[in-house]
Amino acid sequence: MNKFMSFLEGVLLPVADKLNNNRYLTALRDGFMVALPLIIFGSIFVVIANFPFLDMVISEEAFTAYQNALGPASAATLSIMGLFVIIGIGYKLTESYELESIYGGVVALAAFLILTPQILEETTGVIPTSVLGAEGMFLGIITAFVAAELYRFFVTRGWTIKMPAGVPGAVSKSFSALIPITMTLSVFLLIRFLFSITDFETAQTFIYSIIQEPLTALGSGLPATIIAVLFIQLFWFFGLHGQIIINSVLDPIWYTLNDQNLQAFQAGQELPNVVTKQFIDTFLVGMGGTGMTLAVIILIFAVGKSRQLKELGKLGAPAGIFNVNEPIIFGLPIVMNPLILVPWLIAPVIVTIVTFYSMSLGLVPKPAGIIVPWTTPPLLSGFLATGNAWQGAALQAVNLVIVMVIWWPFLKVMDKQYYEGEKSAENKDN
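Numbering (full-length UniProt numbering), first residue to last: 1 to 430.
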(Lines of atoms letter the chains of each structure in order from A and count residues from 1; the text may use other names and numbers.)
(Lines give C-alpha, C1' and ligand atoms only; values in the text may rest on other atoms or scores of the structure.)
Protein backbone atom coordinates (compact mmCIF):
# COMPACT_ATOMS: atom_id res chain seq x y z
CA MET A 1 0.00 0.00 0.00
CA ASN A 2 2.84 2.39 0.86
CA LYS A 3 4.52 1.77 -2.50
CA PHE A 4 1.22 2.32 -4.30
CA MET A 5 0.64 5.54 -2.35
CA SER A 6 4.14 6.77 -3.15
CA PHE A 7 3.63 5.98 -6.83
CA LEU A 8 0.34 7.88 -6.97
CA GLU A 9 1.83 10.82 -5.11
CA GLY A 10 4.83 10.96 -7.42
CA VAL A 11 2.69 10.83 -10.58
CA LEU A 12 -0.45 12.76 -9.65
CA LEU A 13 0.88 15.70 -7.65
CA PRO A 14 3.13 17.11 -10.41
CA VAL A 15 0.32 16.73 -12.96
CA ALA A 16 -2.20 18.40 -10.67
CA ASP A 17 0.20 21.23 -9.91
CA LYS A 18 0.71 21.94 -13.61
CA LEU A 19 -3.03 21.85 -14.30
CA ASN A 20 -3.78 24.14 -11.36
CA ASN A 21 -1.22 26.69 -12.52
CA ASN A 22 -1.99 26.53 -16.22
CA ARG A 23 -3.02 29.99 -17.41
CA TYR A 24 -5.38 28.72 -20.10
CA LEU A 25 -7.18 26.14 -17.98
CA THR A 26 -7.63 28.78 -15.26
CA ALA A 27 -9.09 31.22 -17.79
CA LEU A 28 -11.36 28.46 -19.14
CA ARG A 29 -12.62 27.58 -15.67
CA ASP A 30 -13.14 31.22 -14.69
CA GLY A 31 -14.83 31.94 -18.01
CA PHE A 32 -17.49 29.34 -17.25
CA MET A 33 -17.86 30.83 -13.78
CA VAL A 34 -18.63 34.22 -15.36
CA ALA A 35 -21.46 32.61 -17.33
CA LEU A 36 -22.78 30.49 -14.45
CA PRO A 37 -25.21 33.02 -12.86
CA LEU A 38 -26.82 33.63 -16.24
CA ILE A 39 -27.04 29.90 -16.94
CA ILE A 40 -28.67 29.25 -13.56
CA PHE A 41 -31.15 32.10 -14.15
CA GLY A 42 -32.23 30.54 -17.45
CA SER A 43 -32.41 27.08 -15.91
CA ILE A 44 -34.70 28.25 -13.11
CA PHE A 45 -37.21 29.54 -15.63
CA VAL A 46 -37.01 26.34 -17.67
CA VAL A 47 -38.06 24.48 -14.52
CA ILE A 48 -40.88 26.96 -13.84
CA ALA A 49 -42.05 26.84 -17.46
CA ASN A 50 -42.24 23.03 -17.35
CA PHE A 51 -43.74 22.63 -13.89
CA PRO A 52 -45.32 19.15 -13.61
CA PHE A 53 -49.05 18.68 -14.22
CA LEU A 54 -49.57 22.38 -14.97
CA ASP A 55 -50.75 21.52 -18.49
CA MET A 56 -53.49 19.40 -16.89
CA VAL A 57 -54.68 22.20 -14.63
CA ILE A 58 -55.00 25.00 -17.16
CA SER A 59 -56.14 25.04 -20.78
CA GLU A 60 -53.79 24.28 -23.67
CA GLU A 61 -53.95 27.91 -24.87
CA ALA A 62 -53.17 29.25 -21.40
CA PHE A 63 -50.30 26.79 -20.96
CA THR A 64 -48.80 27.79 -24.33
CA ALA A 65 -49.11 31.48 -23.45
CA TYR A 66 -47.52 30.78 -20.06
CA GLN A 67 -44.52 29.04 -21.64
CA ASN A 68 -44.15 31.73 -24.31
CA ALA A 69 -44.08 34.40 -21.60
CA LEU A 70 -41.24 32.64 -19.76
CA GLY A 71 -39.36 31.50 -22.90
CA PRO A 72 -37.17 34.62 -23.30
CA ALA A 73 -35.51 33.91 -19.96
CA SER A 74 -33.82 30.78 -21.32
CA ALA A 75 -33.51 32.06 -24.89
CA ALA A 76 -31.46 35.05 -23.71
CA THR A 77 -29.20 32.99 -21.45
CA LEU A 78 -28.98 29.22 -21.97
CA SER A 79 -29.45 29.30 -25.73
CA ILE A 80 -26.52 31.71 -26.19
CA MET A 81 -24.39 30.66 -23.24
CA GLY A 82 -21.37 30.36 -25.53
CA LEU A 83 -21.23 34.14 -25.87
CA PHE A 84 -20.93 34.64 -22.13
CA VAL A 85 -18.23 31.99 -21.85
CA ILE A 86 -16.26 33.60 -24.69
CA ILE A 87 -16.37 37.02 -23.03
CA GLY A 88 -15.38 35.46 -19.71
CA ILE A 89 -12.40 33.57 -21.16
CA GLY A 90 -11.13 36.58 -23.11
CA TYR A 91 -11.53 38.80 -20.07
CA LYS A 92 -9.84 36.42 -17.63
CA LEU A 93 -6.95 35.51 -19.92
CA THR A 94 -6.20 39.16 -20.65
CA GLU A 95 -6.52 39.95 -16.94
CA SER A 96 -3.89 37.30 -16.17
CA TYR A 97 -1.44 39.34 -18.27
CA GLU A 98 -2.38 42.49 -16.28
CA LEU A 99 -3.73 44.25 -19.37
CA GLU A 100 -7.08 46.00 -19.90
CA SER A 101 -9.21 42.91 -19.45
CA ILE A 102 -12.48 44.33 -20.77
CA TYR A 103 -10.92 44.70 -24.22
CA GLY A 104 -9.80 41.09 -24.10
CA GLY A 105 -13.41 40.09 -23.52
CA VAL A 106 -14.95 42.18 -26.27
CA VAL A 107 -12.29 41.39 -28.87
CA ALA A 108 -12.84 37.66 -28.20
CA LEU A 109 -16.58 38.10 -28.74
CA ALA A 110 -16.10 40.14 -31.93
CA ALA A 111 -13.60 37.60 -33.31
CA PHE A 112 -16.08 34.78 -32.73
CA LEU A 113 -18.89 36.68 -34.44
CA ILE A 114 -16.64 37.34 -37.45
CA LEU A 115 -16.09 33.57 -37.81
CA THR A 116 -19.75 32.73 -37.22
CA PRO A 117 -21.74 32.11 -40.42
CA GLN A 118 -24.87 34.13 -41.04
CA ILE A 119 -28.02 33.12 -42.87
CA LEU A 120 -29.03 35.86 -45.29
CA GLU A 121 -32.73 36.68 -45.33
CA GLU A 122 -33.32 39.36 -47.96
CA THR A 123 -31.14 42.23 -46.71
CA THR A 124 -30.69 40.94 -43.15
CA GLY A 125 -28.03 38.62 -41.79
CA VAL A 126 -29.33 36.20 -39.15
CA ILE A 127 -27.13 34.19 -36.78
CA PRO A 128 -28.81 30.95 -35.61
CA THR A 129 -28.83 30.69 -31.82
CA SER A 130 -27.67 27.08 -32.11
CA VAL A 131 -24.17 28.20 -33.10
CA LEU A 132 -24.10 30.56 -30.14
CA GLY A 133 -24.71 27.67 -27.78
CA ALA A 134 -23.58 24.05 -27.93
CA GLU A 135 -22.50 23.91 -31.58
CA GLY A 136 -20.26 26.95 -31.27
CA MET A 137 -18.78 26.19 -27.86
CA PHE A 138 -15.44 24.76 -28.96
CA LEU A 139 -14.90 27.33 -31.69
CA GLY A 140 -15.74 30.04 -29.16
CA ILE A 141 -13.21 28.72 -26.63
CA ILE A 142 -10.43 28.44 -29.20
CA THR A 143 -11.30 31.85 -30.63
CA ALA A 144 -11.25 33.47 -27.19
CA PHE A 145 -7.78 32.09 -26.44
CA VAL A 146 -6.34 33.13 -29.80
CA ALA A 147 -7.98 36.56 -29.82
CA ALA A 148 -6.78 37.38 -26.31
CA GLU A 149 -3.26 36.23 -27.15
CA LEU A 150 -3.17 38.28 -30.37
CA TYR A 151 -4.46 41.33 -28.51
CA ARG A 152 -1.73 40.86 -25.89
CA PHE A 153 0.90 40.42 -28.61
CA PHE A 154 0.05 43.70 -30.32
CA VAL A 155 -0.22 45.62 -27.04
CA THR A 156 3.11 44.36 -25.67
CA ARG A 157 4.78 45.27 -28.98
CA GLY A 158 3.74 48.84 -28.33
CA TRP A 159 1.42 49.06 -31.34
CA THR A 160 -0.87 51.48 -29.59
CA ILE A 161 -1.97 55.10 -29.90
CA LYS A 162 -0.67 57.18 -27.02
CA MET A 163 -2.84 60.15 -26.15
CA PRO A 164 -1.66 63.40 -24.49
CA ALA A 165 -1.60 63.55 -20.69
CA GLY A 166 -4.70 65.73 -20.41
CA VAL A 167 -7.01 63.26 -22.18
CA PRO A 168 -9.49 61.47 -19.86
CA GLY A 169 -8.44 57.96 -18.87
CA ALA A 170 -11.40 56.21 -20.53
CA VAL A 171 -10.71 57.94 -23.85
CA SER A 172 -6.99 57.23 -23.65
CA LYS A 173 -7.57 53.51 -22.96
CA SER A 174 -10.05 53.28 -25.81
CA PHE A 175 -7.61 54.72 -28.33
CA SER A 176 -4.78 52.57 -26.93
CA ALA A 177 -6.84 49.48 -27.71
CA LEU A 178 -7.80 50.62 -31.20
CA ILE A 179 -4.80 49.30 -33.17
CA PRO A 180 -4.45 45.97 -31.25
CA ILE A 181 -8.16 45.28 -31.69
CA THR A 182 -8.06 46.25 -35.37
CA MET A 183 -5.08 44.00 -36.03
CA THR A 184 -6.60 41.10 -34.08
CA LEU A 185 -9.96 41.24 -35.83
CA SER A 186 -8.25 41.60 -39.21
CA VAL A 187 -6.51 38.28 -38.59
CA PHE A 188 -9.88 36.63 -37.92
CA LEU A 189 -11.36 38.22 -41.02
CA LEU A 190 -8.54 36.62 -43.01
CA ILE A 191 -9.19 33.27 -41.29
CA ARG A 192 -12.85 33.48 -42.27
CA PHE A 193 -11.90 34.13 -45.90
CA LEU A 194 -9.42 31.23 -45.98
CA PHE A 195 -12.05 28.80 -44.66
CA SER A 196 -14.55 30.08 -47.23
CA ILE A 197 -12.37 28.73 -50.06
CA THR A 198 -12.11 25.25 -48.51
CA ASP A 199 -14.57 22.36 -48.52
CA PHE A 200 -15.47 23.16 -44.92
CA GLU A 201 -16.59 26.69 -45.92
CA THR A 202 -16.62 27.94 -42.31
CA ALA A 203 -14.40 27.62 -39.24
CA GLN A 204 -17.53 26.54 -37.38
CA THR A 205 -17.96 23.46 -39.59
CA PHE A 206 -14.24 22.62 -39.39
CA ILE A 207 -14.04 22.76 -35.59
CA TYR A 208 -17.33 20.92 -35.12
CA SER A 209 -16.40 18.11 -37.53
CA ILE A 210 -12.73 17.65 -36.64
CA ILE A 211 -12.60 18.45 -32.92
CA GLN A 212 -15.92 19.00 -31.18
CA GLU A 213 -17.95 16.07 -32.48
CA PRO A 214 -15.29 13.38 -31.76
CA LEU A 215 -14.46 14.80 -28.31
CA THR A 216 -18.13 15.13 -27.40
CA ALA A 217 -18.80 11.54 -28.45
CA LEU A 218 -15.83 10.38 -26.37
CA GLY A 219 -16.85 12.44 -23.32
CA SER A 220 -20.42 11.15 -23.42
CA GLY A 221 -19.35 7.53 -23.00
CA LEU A 222 -19.19 5.55 -19.76
CA PRO A 223 -15.45 4.62 -19.87
CA ALA A 224 -14.30 8.26 -20.20
CA THR A 225 -16.70 9.30 -17.45
CA ILE A 226 -15.38 6.63 -15.09
CA ILE A 227 -11.81 7.75 -15.75
CA ALA A 228 -12.76 11.37 -15.04
CA VAL A 229 -14.50 10.38 -11.79
CA LEU A 230 -11.50 8.33 -10.66
CA PHE A 231 -9.15 11.26 -11.25
CA ILE A 232 -11.46 13.58 -9.32
CA GLN A 233 -11.34 11.19 -6.37
CA LEU A 234 -7.57 10.67 -6.58
CA PHE A 235 -6.81 14.38 -6.68
CA TRP A 236 -9.03 14.98 -3.65
CA PHE A 237 -7.33 12.10 -1.82
CA PHE A 238 -4.11 14.09 -2.00
CA GLY A 239 -5.81 17.27 -0.81
CA LEU A 240 -6.21 18.83 -4.26
CA HIS A 241 -9.55 20.13 -5.50
CA GLY A 242 -10.20 17.37 -8.02
CA GLN A 243 -13.47 18.86 -9.21
CA ILE A 244 -11.85 22.13 -10.27
CA ILE A 245 -8.92 20.37 -11.94
CA ILE A 246 -11.01 17.92 -13.98
CA ASN A 247 -13.78 20.44 -14.71
CA SER A 248 -11.22 22.77 -16.23
CA VAL A 249 -10.57 20.13 -18.89
CA LEU A 250 -13.99 18.51 -19.36
CA ASP A 251 -16.51 21.31 -18.73
CA PRO A 252 -16.63 22.32 -22.42
CA ILE A 253 -17.66 18.76 -23.32
CA TRP A 254 -20.12 18.34 -20.45
CA TYR A 255 -21.75 21.72 -21.04
CA THR A 256 -22.10 20.96 -24.75
CA LEU A 257 -23.83 17.67 -23.97
CA ASN A 258 -25.98 19.48 -21.42
CA ASP A 259 -27.08 22.08 -23.95
CA GLN A 260 -27.99 19.41 -26.49
CA ASN A 261 -30.29 17.82 -23.92
CA LEU A 262 -31.84 21.16 -23.02
CA GLN A 263 -32.69 21.92 -26.64
CA ALA A 264 -34.30 18.49 -27.03
CA PHE A 265 -36.18 18.85 -23.73
CA GLN A 266 -37.60 22.24 -24.71
CA ALA A 267 -38.61 20.86 -28.11
CA GLY A 268 -40.30 17.83 -26.54
CA GLN A 269 -37.87 15.43 -28.25
CA GLU A 270 -35.97 12.43 -26.92
CA LEU A 271 -32.93 13.50 -24.91
CA PRO A 272 -29.73 12.42 -26.70
CA ASN A 273 -27.19 12.19 -23.85
CA VAL A 274 -26.89 10.43 -20.51
CA VAL A 275 -23.61 12.00 -19.44
CA THR A 276 -23.90 15.77 -19.11
CA LYS A 277 -22.77 18.48 -16.73
CA GLN A 278 -25.76 17.71 -14.51
CA PHE A 279 -25.08 13.97 -14.62
CA ILE A 280 -21.80 14.75 -12.83
CA ASP A 281 -22.95 17.64 -10.65
CA THR A 282 -26.31 16.24 -9.53
CA PHE A 283 -25.90 12.48 -9.28
CA LEU A 284 -22.29 12.40 -8.07
CA VAL A 285 -21.07 15.69 -6.60
CA GLY A 286 -24.56 16.85 -5.68
CA MET A 287 -25.01 14.26 -2.95
CA GLY A 288 -23.00 15.80 -0.16
CA GLY A 289 -20.04 16.91 -2.24
CA THR A 290 -17.31 15.00 -4.04
CA GLY A 291 -17.41 11.33 -3.09
CA MET A 292 -21.08 11.60 -2.03
CA THR A 293 -20.03 12.07 1.60
CA LEU A 294 -23.57 12.81 2.77
CA ALA A 295 -23.94 9.01 2.80
CA VAL A 296 -20.89 8.83 5.08
CA ILE A 297 -22.46 11.35 7.48
CA ILE A 298 -25.69 9.33 7.59
CA LEU A 299 -23.66 6.20 8.25
CA ILE A 300 -21.79 7.92 11.10
CA PHE A 301 -25.07 8.69 12.83
CA ALA A 302 -26.31 5.14 12.19
CA VAL A 303 -23.34 3.05 13.34
CA GLY A 304 -20.76 5.39 14.88
CA LYS A 305 -19.76 4.86 18.52
CA SER A 306 -16.70 7.08 18.88
CA ARG A 307 -17.19 10.64 20.10
CA GLN A 308 -14.80 11.89 17.41
CA LEU A 309 -16.94 10.57 14.56
CA LYS A 310 -20.20 11.62 16.18
CA GLU A 311 -18.96 15.18 16.67
CA LEU A 312 -17.64 15.20 13.12
CA GLY A 313 -21.06 14.06 11.89
CA LYS A 314 -22.76 16.90 13.74
CA LEU A 315 -20.27 19.38 12.31
CA GLY A 316 -20.44 18.06 8.75
CA ALA A 317 -24.18 17.39 8.43
CA PRO A 318 -25.46 20.98 7.94
CA ALA A 319 -22.83 21.70 5.28
CA GLY A 320 -23.20 18.26 3.71
CA ILE A 321 -26.90 18.77 3.06
CA PHE A 322 -25.87 21.65 0.78
CA ASN A 323 -23.03 19.64 -0.83
CA VAL A 324 -20.14 21.23 1.05
CA ASN A 325 -17.95 18.43 2.37
CA GLU A 326 -14.62 19.95 3.39
CA PRO A 327 -15.36 19.15 7.10
CA ILE A 328 -15.58 15.46 6.20
CA ILE A 329 -12.70 15.43 3.72
CA PHE A 330 -10.26 17.03 6.15
CA GLY A 331 -11.89 15.99 9.43
CA LEU A 332 -12.51 12.26 8.94
CA PRO A 333 -9.92 12.51 7.36
CA ILE A 334 -10.17 11.37 3.77
CA VAL A 335 -7.03 13.17 2.61
CA MET A 336 -4.03 10.82 2.68
CA ASN A 337 -5.93 8.18 4.67
CA PRO A 338 -5.10 4.72 3.21
CA LEU A 339 -7.87 3.10 5.25
CA ILE A 340 -10.63 4.67 3.18
CA LEU A 341 -8.91 4.82 -0.22
CA VAL A 342 -10.87 1.77 -1.45
CA PRO A 343 -14.42 3.06 -0.73
CA TRP A 344 -13.39 6.57 -1.74
CA LEU A 345 -12.46 5.30 -5.21
CA ILE A 346 -14.94 2.46 -5.65
CA ALA A 347 -18.21 4.03 -4.47
CA PRO A 348 -18.34 6.86 -7.06
CA VAL A 349 -17.49 4.42 -9.86
CA ILE A 350 -20.31 2.05 -8.85
CA VAL A 351 -22.74 4.98 -8.58
CA THR A 352 -21.62 6.25 -12.00
CA ILE A 353 -22.32 2.85 -13.57
CA VAL A 354 -25.70 2.46 -11.82
CA THR A 355 -26.77 5.98 -12.79
CA PHE A 356 -25.61 5.57 -16.39
CA TYR A 357 -27.50 2.33 -16.99
CA SER A 358 -30.58 3.47 -15.06
CA MET A 359 -30.88 6.33 -17.53
CA SER A 360 -29.75 4.38 -20.60
CA LEU A 361 -32.41 1.74 -19.98
CA GLY A 362 -35.12 4.35 -19.44
CA LEU A 363 -35.71 3.57 -15.77
CA VAL A 364 -34.86 7.18 -14.91
CA PRO A 365 -35.18 10.20 -17.25
CA LYS A 366 -31.91 11.58 -18.56
CA PRO A 367 -30.76 15.00 -17.29
CA ALA A 368 -32.93 17.60 -19.01
CA GLY A 369 -30.10 20.11 -19.44
CA ILE A 370 -31.37 22.27 -16.59
CA ILE A 371 -28.48 23.69 -14.56
CA VAL A 372 -29.37 23.08 -10.92
CA PRO A 373 -27.31 25.16 -8.44
CA TRP A 374 -24.71 22.89 -6.89
CA THR A 375 -25.85 23.76 -3.36
CA THR A 376 -29.33 22.31 -3.97
CA PRO A 377 -29.93 19.47 -1.46
CA PRO A 378 -30.09 15.88 -2.76
CA LEU A 379 -33.47 14.48 -3.82
CA LEU A 380 -34.65 17.99 -4.74
CA SER A 381 -31.71 18.39 -7.13
CA GLY A 382 -32.40 15.00 -8.74
CA PHE A 383 -36.05 15.92 -9.19
CA LEU A 384 -35.19 19.24 -10.85
CA ALA A 385 -32.29 18.00 -12.99
CA THR A 386 -34.43 15.34 -14.67
CA GLY A 387 -37.14 17.82 -15.64
CA ASN A 388 -39.22 17.50 -12.48
CA ALA A 389 -39.25 13.69 -12.47
CA TRP A 390 -39.62 11.81 -9.18
CA GLN A 391 -37.40 9.04 -10.56
CA GLY A 392 -34.43 11.44 -10.41
CA ALA A 393 -34.92 11.88 -6.67
CA ALA A 394 -35.43 8.13 -6.21
CA LEU A 395 -32.17 7.38 -8.04
CA GLN A 396 -30.28 9.74 -5.73
CA ALA A 397 -31.75 7.91 -2.73
CA VAL A 398 -30.64 4.56 -4.18
CA ASN A 399 -27.16 5.96 -4.84
CA LEU A 400 -26.85 7.13 -1.24
CA VAL A 401 -27.70 3.61 -0.04
CA ILE A 402 -25.08 2.13 -2.41
CA VAL A 403 -22.40 4.44 -1.00
CA MET A 404 -23.42 3.58 2.57
CA VAL A 405 -23.16 -0.16 1.87
CA ILE A 406 -19.69 0.20 0.33
CA TRP A 407 -18.43 2.46 3.11
CA TRP A 408 -19.94 0.49 6.02
CA PRO A 409 -17.11 -2.03 6.77
CA PHE A 410 -14.37 0.58 6.35
CA LEU A 411 -16.12 3.15 8.54
CA LYS A 412 -16.71 0.47 11.17
CA VAL A 413 -12.98 -0.25 11.30
CA MET A 414 -12.19 3.47 11.60
CA ASP A 415 -14.86 3.97 14.23
CA LYS A 416 -13.51 1.01 16.22
CA GLN A 417 -10.00 2.49 16.16
CA TYR A 418 -11.23 5.86 17.36
CA TYR A 419 -13.50 4.29 20.00
CA GLU A 420 -10.74 2.08 21.42
CA GLY A 421 -8.37 5.05 21.47
CA GLU A 422 -10.90 7.12 23.37
CA LYS A 423 -11.46 4.31 25.90
CA SER A 424 -7.73 3.87 26.36
CA ALA A 425 -7.31 7.59 26.98
CA GLU A 426 -10.12 7.54 29.54
CA ASN A 427 -8.54 4.59 31.39
CA LYS A 428 -5.21 6.39 31.55
CA ASP A 429 -6.89 9.49 32.98
CA ASN A 430 -8.60 7.37 35.62
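We put the beta carbon where it would ideally sit given N, CA and C, even for glycine.
These numbers come from a predicted model, not from an experiment.
For my contact list, residue i and residue j are in at a C-beta cut-off of 8 Å; report their separation, rounded to the angstrom.
{"i": "M287", "j": "N399", "result": "6 Å"}
{"i": "I48", "j": "L70", "result": "6 Å"}
{"i": "T94", "j": "A148", "result": "5 Å"}
{"i": "T116", "j": "G90", "result": "Not a contact, Cβ separation roughly 15 Å."}
{"i": "L284", "j": "P348", "result": "6 Å"}
{"i": "F112", "j": "T143", "result": "5 Å"}
{"i": "I211", "j": "F138", "result": "6 Å"}
{"i": "L345", "j": "Q417", "result": "The pair is not a contact, with the Cβ atoms about 21 Å apart (cut-off 8 Å)."}
{"i": "L109", "j": "I80", "result": "The pair is not a contact, with the Cβ atoms about 11 Å apart (cut-off 8 Å)."}
{"i": "F356", "j": "L222", "result": "5 Å"}
{"i": "I191", "j": "L215", "result": "I191 to L215, Cβ: 21 Å. No contact."}
{"i": "D259", "j": "G369", "result": "6 Å"}
{"i": "P327", "j": "L315", "result": "5 Å"}
Would residue i and residue j be called neighbours here (beta carbons separated by less than 7 Å)?
{"i": "L25", "j": "S248", "result": "yes"}
{"i": "G382", "j": "T282", "result": "yes"}
{"i": "M414", "j": "L339", "result": "yes"}
{"i": "F235", "j": "I227", "result": "no"}
{"i": "S220", "j": "N273", "result": "yes"}
{"i": "L38", "j": "F84", "result": "yes"}
{"i": "G104", "j": "V34", "result": "no"}
{"i": "L379", "j": "Q396", "result": "yes"}
{"i": "R152", "j": "Y97", "result": "yes"}
{"i": "F45", "j": "S74", "result": "yes"}
{"i": "T156", "j": "S176", "result": "no"}
{"i": "T184", "j": "V131", "result": "no"}
{"i": "G320", "j": "I350", "result": "no"}
{"i": "G42", "j": "G82", "result": "no"}
{"i": "A264", "j": "L257", "result": "no"}
{"i": "G31", "j": "K92", "result": "yes"}
Could you tell me the alpha carbon to alpha carbon distance between residue i and residue j, rounded to whole angstroms?
{"i": "F410", "j": "T352", "result": "21 Å"}
{"i": "V403", "j": "M292", "result": "7 Å"}
{"i": "V335", "j": "I371", "result": "29 Å"}
{"i": "F145", "j": "N337", "result": "39 Å"}
{"i": "A425", "j": "A317", "result": "27 Å"}
{"i": "T198", "j": "N261", "result": "31 Å"}
{"i": "L230", "j": "F154", "result": "42 Å"}
{"i": "V171", "j": "L240", "result": "44 Å"}
{"i": "F193", "j": "P333", "result": "58 Å"}
Would you say the beta carbon of residue i comes nearer than 6 Å to a heavy atom of the ligand ZN?
{"i": "L113", "result": "Questions concerning the ligand ZN fall outside what the structure shown contains, since it holds no ligand whatsoever."}
Requested in this report: Would you be able to state if there are at least three C-beta pairs under 8 Å between the stretch 369-389 and the stretch 262-279?
Outcome: Flag = yes, the stretch 262-279 and the stretch 369-389 touch.
Query raised in the report: At what residue ranges does the stretch 137-205 contain a whole run of the alpha helix (DSSP H), taking only runs of 4 or more?
Result: 137-156 and 169-196
**Report entry** Segment contact flag, the stretch 409-427 with the stretch 302-312, C-beta cutoff 8 Å, min 3 pairs
**Finding:** The stretch 409-427 is in contact with the stretch 302-312.
Requested in this report: Would you check if there are 3 or more beta carbon pairs closer than 8 Å linking the stretch 163-181 to the stretch 206-215?
Outcome: no
Query raised in the report: Could you give the uninterrupted runs of the alpha helix (DSSP H) lying entirely in the stretch 284-341, keeping only those of 4 residues or more?
Result: 294-303, 307-321 and 326-331
Query raised in the report: For the stretch 252-276, which segments carrying the beta strand (DSSP E) assignment without a break, of at least 3 residues, lie completely within its bounds, in sequence order?
Result: none
Query - 4 or more residues per run - each alpha helix (DSSP H) lying fully within the stretch 59-125 - result: 60-75, 81-96 and 101-115
Query raised in the report: Taking the runs of the alpha helix (DSSP H) that are 4 residues or longer, which of them lie wholly in the stretch 358-406?
Result: 380-385
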